[in-house]
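Enquirer: Read in order, the letters of the sequence shown are residues 0 to 133 in numbering that gives the first Met the number 0. Quick one: structure below, then a few questions.
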Amino acid sequence: MSTTSLVLLVIAVLVVAALVAVAVVVLLQRNARLRAARVEQAGQLRTQAAAHDEPIAASRNRVEEAQVRADEAHARADEADREVDLAEQVLAQDEAQQEDRLRAADELDPHRETEAGTAPATDQVTDPEGRHRA
0 MSTTSLVLLV IAVLVVAALV AVAVVVLLQR NARLRAARVE QAGQLRTQAA AHDEPIAASR
60 NRVEEAQVRA DEAHARADEA DREVDLAEQV LAQDEAQQED RLRAADELDP HRETEAGTAP
120 ATDQVTDPEG RHRA
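This is the structure:
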């Protein structure tokens, strides 16, 4: 190989190395700009999110208040259910006592007359156990 060829080869290698170095520097600068742009965009998003802190806190408060009202309503509904159950028990007892009294009256006088002095109404039927049925 001649000296000229060797010089040309060294120059070509240096040019390629310089081009690679320039490309690396350009890529690093580009990546730095992209990173800076992402940091800026993230900062803007954080600022926007922080601006919504108050509405979110207000919404959270409304949810908590609604939950308290719902819990109170559930408690009132549970109490109303207990009252209904108790009222149904009292009604069942009252009806049973009334039926016992009517049965006792039918045992004493199975052919009774109504308060108006007539025979029992036809829509009232006494079942085989002596209970009145409408």
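Idealized CB from N, CA, C, for every residue including glycine. Given the structure is predicted, the values throughout are model-derived calculations rather than measurements.
Would you say alanine 103 and arginine 111 are within 8 Å of each other, going by their C-beta atoms?
Expert: The residue you call residue 103 lines up with position 104 of the sequence shown. The residue you call residue 111 lines up with position 112 of the sequence shown. Cβ distance not < 8 Å, so alanine 103 and arginine 111 don't count as in contact.
Enquirer: Please report the distance separating the alpha-carbon of alanine 95 from that of alanine 86.
Expert: Start at 1 with the first residue of the sequence shown, and residue 95 comes out as number 96. Start at 1 with the first residue of the sequence shown, and residue 86 comes out as number 87. One C-alpha to the other measures close to 14 Å.
Enquirer: Where do the ends of the alpha helix (DSSP H) carrying aspartate 77 lie?
Expert: Position 78 of the sequence shown, counting from 1, holds the residue named residue 77. Where aspartate 77 is concerned, the enclosing alpha helix (DSSP H) stretches over 52–107.
Enquirer: From valine 21 to valine 14, what distance separates their C-alpha atoms?
Expert: Looking up residue 21 in the sequence shown gives position 22. Looking up residue 14 in the sequence shown gives position 15. Our two residues, valine 21 and valine 14, have alpha carbons roughly 10 Å apart in a direct line.
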